[in-house]
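> As given, the protein sequences belong to chains A and B, one line each in that order. Residue numbering for the first sequence is 81 to 275, as defined by the numbering used here. Residue numbering for the second sequence is 81 to 275, as defined by the numbering used here. Even glycine gets a Cβ: it sits at the ideal position worked out from N, Cα and C.
There are 2 protein chains.
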Amino acid sequence: MYTSSDISPRERIIETALRLFYSQGYLATGINQIISEAKVAKATFYTHFPSKEELCVAYLQARHVVWMGWLEDSVSGHKTAEEKLIGVFDFLQKWMPESNFRGCAFLNIATEIPAIDTKIREEVIKHKDDLQDYLKEIIEDFAASNPSVTGLDAKYTSEIVYVLVEGGIVASQNYGDIWPIVAAKGAVRDLLRAS
Amino acid sequence: MYTSSDISPRERIIETALRLFYSQGYLATGINQIISEAKVAKATFYTHFPSKEELCVAYLQARHVVWMGWLEDSVSGHKTAEEKLIGVFDFLQKWMPESNFRGCAFLNIATEIPAIDTKIREEVIKHKDDLQDYLKEIIEDFAASNPSVTGLDAKYTSEIVYVLVEGGIVASQNYGDIWPIVAAKGAVRDLLRAS
DNA sequence: CGAGATTGACAGACTGGTCTGTCTGGTGTA
DNA sequence: TACACCAGACAGACCAGTCTGTCAATCTCG
Chain A
81 MYTSSDISPR
91 ERIIETALRL
101 FYSQGYLATG
111 INQIISEAKV
121 AKATFYTHFP
131 SKEELCVAYL
141 QARHVVWMGW
151 LEDSVSGHKT
161 AEEKLIGVFD
171 FLQKWMPESN
181 FRGCAFLNIA
191 TEIPAIDTKI
201 REEVIKHKDD
211 LQDYLKEIIE
221 DFAASNPSVT
231 GLDAKYTSEI
241 VYVLVEGGIV
251 ASQNYGDIWP
261 IVAAKGAVRD
271 LLRAS
Chain B
81 MYTSSDISPR
91 ERIIETALRL
101 FYSQGYLATG
111 INQIISEAKV
121 AKATFYTHFP
131 SKEELCVAYL
141 QARHVVWMGW
151 LEDSVSGHKT
161 AEEKLIGVFD
171 FLQKWMPESN
181 FRGCAFLNIA
191 TEIPAIDTKI
201 REEVIKHKDD
211 LQDYLKEIIE
221 DFAASNPSVT
231 GLDAKYTSEI
241 VYVLVEGGIV
251 ASQNYGDIWP
261 IVAAKGAVRD
271 LLRAS
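So this is what it looks like as structure tokens:
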């Protein structure tokens, strides 16, 4: 079979799903294409995943780890909270063209699966909650490290920044251009300056 | 046949598409379901539309008229430019729950059809361009009717407002809650006050 | 006015293909 | 022997789109 240095069938399936679900969409990607590109037998696939939907859940969990890793790696280079917050948008500006403007894997899947009470939608919510928490921490840091700033409501501000992140991503996805992210970054800069 | 007081097969198809494509998604809705719910023969469908994709284009064009109508009807009641801009978000706040938080029909379709160079994506861009123009006109009105406002760049400001609209819609869609739109509205109010 | 031609919609069988998921049987390794 | 994997046939449903044939309303022209 495969030795420890090789990649296991399960990992090959996940990696193929990461690529195909993201670039083609969930509904437009069939199991047959996944197993063929993952070089895995169908029976093997179904021993690892009970259904396509469960693969999708595993895909989103893997994607969450990957994407948050990208974001944190990109932002962690900055020192101040303000630089970090702007760095979030710098990351988006770099990431969107690299991903062919396919946008957020989680929102895309959520659009394809309208039913709310599914494991899939749960994973999407979880991802966005984590993203919001991440933004909120930076903003709380900003308030704490700038004593002159008094009128800043961290919850309210982080909600706005989060909405600007989402808007920047989807508008950029639609136009195939980063100008919406640039605009969102400008709005955040103004927001911090005004506080 | 059908008499003049009835609805023509073509209209029945479009109305069914408006309902099903929006609520279920484009890929998840089959032609068979559309013709069955529109009470139209398959041959009749294909005399009016050469393909499912062309029906989708007609659907988006119809949806554009309907949705912009809703927006303009809702906003036109306000007098000042500032009230109108806030009114845009009041409309979103009312519309999203009424539509079961399915979000923007155009962005949803664009997500399902990743290929950029399609008629479908063209319609999406057209819709968003019109929406942006609408926002920009209100903001230019705001600048013109407030002589004290000097440092307001209408293009830049309308880009930010547009991104807040998109972010509000998709975040609200994801969470099934209007708080992102409320936050976006607050951000716009702050933006106008600060200028 | 009236008869035949035309039109447009109807129902639904049919084609060729894809979908998810199951199952059988073969292969190599521990 | 036991297990994990492979290849691929298969089932049953559904997909977009084509086609045949029927029927009723309307148009055209004698």
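Buried or exposed, going by whether 16 or more other CB atoms sit within 10 Å of the CB of P130/B?
exposed
> With DSSP run on the structure shown, which of helix, strand or coil describes L271/A?
helix
> Please give me, in chain order, every unbroken run of the alpha helix (DSSP H) with length at least 4 that falls completely inside the region 195-233 of chain A.
199-225
> Cutting at 7 Å between CB atoms, please list the residues of its own chain near S252/A, excluding the five before and the five after it.
M176, F181, I258, P260, I261
> Under a three-way DSSP split, which group does N188/B fall into?
helix
> Looking at the unbroken alpha helix (DSSP H) that takes in A161/B, where does it start and where does it end?
161-178
> Could you pull out every residue in the same chain whose Cβ sits closer than 8 Å to the Cβ of L271/A, ignoring the five residues on either side in sequence?
T237, I240, V241
> I need the boundaries of the alpha helix (DSSP H) containing V145/A, first residue and last residue.
132-155
> What is the rounded straight-line gap between the Cα of L107/A and the Cα of L232/B?
44 Å
> Helix, strand or coil: which one does DSSP assign to K265/A?
helix
> Would you report the Cα separation of K199/A and L187/A, rounded to the nearest angstrom?
14 Å
> Quick one: is E246/A near chain B, going by C-beta distance under 7 Å?
yes
> Looking only at its chain, what residues have a beta carbon closer than 7 Å to the beta carbon of Y102/A, apart from the 5 residues adjacent to it on each side?
Excluding residues within five positions, the ones whose Cβ falls inside 7 Å are R182, A185.
> Quick one: what does DSSP say V120/A is sitting in, helix, strand or coil?
coil
> I believe L100/A touches A142/A by the beta-carbon criterion, under 8 Å. Please report the beta-carbon distance rounded to the nearest angstrom.
No, L100/A and A142/A are not in contact; Cβ-Cβ is about 13 Å, not under 8 Å.
> So, under 8 Å CB-CB, V155/A and V168/A are touching, yes? Tell me the CB distance rounded to an integer number of Å.
6 Å
> Indicate whether at least one CB of chain A lies closer than 7 Å to the CB of N112/B.
Chain A contact via Cβ: absent.
> Using a Cβ cut-off of 8 Å, pull out every chain A residue sitting near R182/B, in sequence order please.
What R182/B touches in chain A: P194.
> Taking CB distances under 7 Å as the criterion, tell me whether V268/A reaches chain B.
It does not; no Cβ of chain B falls within 7 Å.
> CA-CA distance, A121/A and R273/A?
57 Å
> Below 6 Å CB to CB, which residues in the same chain sit around I193/B once its five sequence neighbours on both sides are set aside?
I200
> Hey, I114/B and T127/B are a contact pair by Cβ (cut 8 Å); roughly how many whole angstroms apart?
Not a contact, Cβ separation roughly 14 Å.
> Beta-carbon of V239/A versus every beta-carbon of chain B: anything under 7 Å?
In the sequence on display, residue 239/A carries Glu and not Val. Against chain B, the CB of E239/A has a partner CB under 7 Å away; the residue lies at that interface.
> Quick one: grab the DSSP three-state call for I72/A.
For chain A, the structure presents residues 81 to 275; residue 72/A sits outside this window and is missing.
> Closer than 8 Å by C-beta to V229/A: which residues in its own chain qualify, once you throw out the five before and the five after it? Chain order, please.
F222, A223, S275
> Nearest to G256/A by alpha carbon, out of L215/A, E178/A, D210/A?
E178/A
> So V204/A packs on V250/B, CB below 8 Å; how close in whole Å?
A Cβ-Cβ distance of about 11 Å is found for the pair V204/A and V250/B, leaving them out of contact under the 8 Å criterion.
> Taking C-beta pairs closer than 9 Å, name the residues in chain A that K208/B reaches, listed in chain order.
A251, N254, Y255
> Just verifying my parser: in three-state terms, what is the DSSP assignment at T109/A?
coil
> Can you tell me whether DSSP reads S88/B as helix, strand or coil?
coil
> Using only CA atoms, which one of E91/B, I196/B, Q173/B, H207/B lies nearest to E117/B?
Selected option, being the one with the closest Cα: E91/B.
> Is there a Cβ from chain A that is less than 7 Å from the Cβ of T191/B?
yes
> To the nearest angstrom, how far is the alpha carbon of G157/B from that of K174/A?
42 Å
> Below 8 Å between beta carbons is the criterion; list the residues of the region 83-110 of chain A that meet it against any residue of chain B, in chain order.
Here the close residues are S103, Q104, G105, L107, A108.
> Give a yes or no on whether the minimum CB-CB distance between L151/A and chain B is below 7 Å.
No - not a single Cβ of chain B is within 7 Å of the one on L151/A.
> What do you get for A263/B, buried or exposed, if any count of 16 or more other CB atoms within 10 angstroms of its CB means buried?
buried
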